[in-house]
Amino acid sequence: MSVLDSAAFIAQNSRHVSIPEENLDAAAQTILADMKRLKYSTHTWNEHPMQPKTHDRATVDWIFLVDLLNFSFWSDRDEADSCTPHPERYTVSFQGTPYTSYWSLCAAVNRALAEGIPITNPAFYRDAPAEVLAHVFRSDTAEAIPLLEDRIRVMHEAGRILCEEFDGSFANCIARAERSALKMLELLVNYFPSFRDIHEFEGRKVYILKRAQILIADTWACFDGQSFGEFRDIDAITMFADYRVPQALYQLGVLRYSPALMEKLERREPLPSGSREEVEIRGNSIWAVELLMQRIRQIKGDKDIINAILIDFYVWDSAKRMQDQMVVPIHRTRSIYY
């Protein structure tokens, strides 16, 4: 069940996406210089106002719920996809600040907790009626959160599994993993159907596992590699193949698209989940970040920890800052996997 082996296989057999290796060194230098300038680390993850400010068992269940629902935030109404959101796109305000995209999910969860709704308790969301959960994710604008029915379904399903198999908390799932990120990945895929981001490509199964991997990474980052976030093999986790990081990798010159694929993206044509083009974008993104990480480590030596997780976090943050400058649109796939 190796994501990295799957990514290498996809990269070797792609028709629509490629990695221009001649651009990797320059991109690695750019990323490393900017990460140094920003002093980028797990602490950066914790600095955003929407991230948890406590570090206990309740925090673990907050992270689980958020990454259970960490999918499909691009807006049908916001085709420009710029730094200034379309006024009608899904938005949630918390403590006077409006949030869109992934942060709107965090804001909705934090808003519910502030209103006294125990939304991060698996026993609560296992049984919560659909109308209660719809209220939790209500929008400030005309656009509802994408895939609401799917979100409610996976909450009911995951809440039931946590209560039946892990005594009602993701903390017990972490304990069963015995400080192994790979064992944690296996538990998530084996027990929770919605984390099975697995597809067919060139006659074999390929594993991308975006949400399962980012759940492990967010736990590691939140707890700074300690306590619930201690994983001795954390570097086995790859980047998280979504729709935003590939856009930034293209901007950095480390992804290249065929004219036919570029035309589809520019027309905002949806790419079905599991389609060849979509799997190629995601697999090549994982492999490109692996190659970038190897080059960054060659430049840095072993002085500081740089892994695929931190590169992904940095590239995602950069992509959000530079949305107005992007030369290629995001690929549009409606899916519970990312």
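In our numbering, the protein residues as written are 650 to 987. Note that the Cβ used here is the ideal one computed from N, Cα and C, for glycine as well. As the structure is a prediction and not an experimental result, all values here were calculated from the model.
Would you call ARG893 buried or exposed, if buried means 16 or more other Cβ atoms sit within 10 Å of its Cβ?
In the sequence shown, the residue the question calls residue 893 occupies position 244. Residue burial is scored here from C-beta neighbours: ARG893 has at least 16 other C-beta atoms within 10 angstroms and is therefore classed as buried.
Just how far apart, CA to CA, sit ALA777 and ARG706?
In the sequence shown, residue 777 corresponds to position 128, counting from 1. In the sequence shown, residue 706 corresponds to position 57, counting from 1. The straight-line gap from Cα to Cα measures roughly 21 Å.
Considering only C-alpha positions, which residue in the set LEU910, ALA824 and SER843 is nearest to ARG878?
By one-based count along the sequence shown, residue 878 stands at place 229. Reading the sequence as shown, one finds Gly at residue 878 and not Arg. Cα-wise, what sits closest to GLY878 is ALA824.
Following the continuous alpha helix (DSSP H) through LYS854, name the residue where it begins and the one where it ends.
On the sequence shown, position 205 is the one that residue 854 refers to. Per DSSP, LYS854 belongs to no alpha helix (DSSP H); it is in the beta strand (DSSP E), 853–856.
Can you round the beta-carbon distance between LEU920 and HIS848 to whole angstroms, since I take them to be within the 8 Å contact cut?
Taking the first residue of the sequence shown as 1, we reach residue 920 at position 271. Taking the first residue of the sequence shown as 1, we reach residue 848 at position 199. At roughly 12 Å, the Cβ-Cβ gap does not stay under 8 Å, so LEU920 and HIS848 are not in contact.
Report yes or no: do three or more beta-carbon pairs, one from the stretch 937–956 and one from the stretch 672–689, lie closer than 8 Å?
Counting C-beta pairs closer than 8 Å gives three or more between the stretch 937–956 and the stretch 672–689, which meets the contact rule.
C-alpha gap between LEU714 and THR769, whole angstroms:
Along the sequence shown, one-based indexing puts residue 714 at 65. Along the sequence shown, one-based indexing puts residue 769 at 120. Taking the straight line from one Cα to the other gives about 6 Å.
GLU929 and ILE659 look like a contact to me (Cβ under 8 Å); what is the Cβ gap, rounded to whole Å?
As a first step, residue 929 is located in the sequence shown; it is residue number 280 there, counting from the start. As a first step, residue 659 is located in the sequence shown; it is residue number 10 there, counting from the start. So it is a contact: roughly 6 Å between Cβ atoms.
Would you list the one or two residues that DSSP bridges to PHE743?
As a first step, residue 743 must be located in the sequence shown, where it is residue number 94. As computed with DSSP, PHE743 is found in a beta bridge with THR746.
Close Cβ partners of MET888 (< 7 Å) along its chain, the five nearest in sequence each way excluded
Within the sequence shown, numbered from 1, the residue matching residue 888 stands at position 239. So the qualifying residues of the chain are VAL894, SER934, ILE935, VAL938, ALA957, ILE960 and ASP961.
Whole-angstrom C-beta distance between ILE680 and TYR899, which should lie under 8 Å:
As a working mapping, residue 899 is identified with position 250 in the sequence shown. As a working mapping, residue 680 is identified with position 31 in the sequence shown. Actually they do not touch by this definition, with Cβ atoms about 14 Å apart.
Is the beta carbon of CYS812 closer than 8 Å to that of ALA772?
For this step, residue 772 is matched to residue 123 along the sequence shown. For this step, residue 812 is matched to residue 163 along the sequence shown. Yes, the pair counts as a contact, with Cβ atoms nearer than the cut-off.
Neighbourhood of PHE722 by C-beta distance below 6 Å, restricted to the same chain and skipping five residues each side:
As a first step, residue 722 must be located in the sequence shown, where it is residue number 73. Non-local C-beta neighbours of PHE722 in its own chain, meaning closer than 6 Å and more than five positions away in sequence, comprise SER750 and TYR751, ordered along the chain.
Among residues of its own chain, excluding the 5 on either side of ARG853, which ones have a beta-carbon nearer than 8 Å to its beta-carbon?
As a first step, residue 853 must be located in the sequence shown, where it is residue number 204. Within the same chain, PHE658 come within 8 Å of ARG853 by CB-CB distance, once the 5 residues on both sides are set aside.
Select from SER724, LYS688 and ARG916 the residue whose C-alpha is nearest the C-alpha of THR790.
Translated into the one-based positions of the sequence shown, residue 790 becomes position 141. The shortest Cα separation from THR790 among SER724, LYS688 and ARG916 belongs to SER724.
For GLU849, which residues does DSSP report across the bridge?
By one-based count along the sequence shown, residue 849 stands at place 200. DSSP lists LYS854 as partners of GLU849.
Determine the contact status of ASP966 and ARG860, defining contact as a CB-CB distance below 8 Å.
Taking the first residue of the sequence shown as position 1, residue 966 is located at position 317. Taking the first residue of the sequence shown as position 1, residue 860 is located at position 211. No. Outside cutoff.
Rounded to whole angstroms, what is the Cα-Cα separation between ARG787 and LEU796?
Translated into positions along the sequence shown, residue 787 becomes position 138. Translated into positions along the sequence shown, residue 796 becomes position 147. The C-alpha of ARG787 lies about 13 Å from the C-alpha of LEU796.
Do you know whose CA, among GLN875, ILE985 and GLN974, lies nearest SER731's CA?
On the sequence shown, residue 731 is found 82 positions in, with the first residue counted as 1. Relative to the Cα of SER731, the nearest Cα in the group GLN875, ILE985 and GLN974 belongs to GLN974.
In this structure, what does DSSP give as the bridge partners for VAL666?
Locating residue 666 in the sequence shown gives position 17, counting from the first residue. According to DSSP, VAL666 bridges with TYR906.
Keeping to the same chain, check which residues put their C-beta closer than 8 Å to that of ILE999; ignore five residues upstream and five downstream.
With the chain covering 650 to 987 only, the question about residue 999 has no answer from this structure.
Using 10 angstroms around the beta-carbon of ASN839, count the other beta-carbons present and answer buried if the total reaches 16, otherwise exposed.
The sequence position of residue 839 within the sequence shown is 190, counting from 1. It counts as exposed.
Whole-angstrom distance between GLY874 and ARG828, CA atom to CA atom
By one-based count along the sequence shown, residue 828 stands at place 179. By one-based count along the sequence shown, residue 874 stands at place 225. Each residue's alpha carbon lies about 10 Å from the other.
Given this structure, state the Cα-to-Cα distance separating PHE1004 from GLU737, to the nearest angstrom.
The chain is shown only over 650 to 987; residue 1004 falls outside these bounds and no answer can be derived.
Assuming the contact rule is C-beta atoms closer than 8 Å, ALA866 and ALA968 should be a hit. Round their C-beta distance to whole Å, please.
Here residue 866 refers to the residue found at position 217 when the sequence shown is read from its first residue. Here residue 968 refers to the residue found at position 319 when the sequence shown is read from its first residue. In this structure, ALA866 and ALA968 do not form a Cβ contact; the two beta carbons are roughly 17 Å apart against a cut-off of 8 Å.
Going by other Cβ atoms of all chains shown within 10 Å of its Cβ, with 16 needed for buried, is GLY745 buried or exposed?
Numbered from its first residue, the sequence shown carries residue 745 at position 96. GLY745 should be labelled exposed.
Given that a residue counts as buried once 16 or more other Cβ atoms are within 10 Å of its Cβ, and exposed if not, what is ASP891?
Here residue 891 is taken as the residue at index 242 of the sequence shown, counted from 1. Looking at its Cβ environment, which holds 16 or more other Cβ atoms inside 10 Å, ASP891 is buried.
Check VAL977 in the structure and name its three-state DSSP category.
Here residue 977 refers to the residue found at position 328 when the sequence shown is read from its first residue. In the three-state reduction of the DSSP assignment, VAL977 falls in the coil class.
Quick check: what's the CA-CA separation for THR693 versus LYS685?
Reading the sequence shown from its first residue, position 44 is the one you call residue 693. Reading the sequence shown from its first residue, position 36 is the one you call residue 685. If I take the Cα positions, the gap works out to 12 Å.
Would ALA820 and THR691 be called neighbours here (beta carbons separated by less than 8 Å)?
Position 171 of the sequence shown, counted from the first residue, corresponds to residue 820. Position 42 of the sequence shown, counted from the first residue, corresponds to residue 691. Cβ distance not < 8 Å, so ALA820 and THR691 don't count as in contact.
Within 8 Å, strictly: CB atoms of LEU754 and LEU718:
Residue numbering aside, residue 754 sits at position 105 when the sequence shown is read from its first letter. Residue numbering aside, residue 718 sits at position 69 when the sequence shown is read from its first letter. Yes; because the gap between Cβ atoms is below 8 Å, this pair is in contact.
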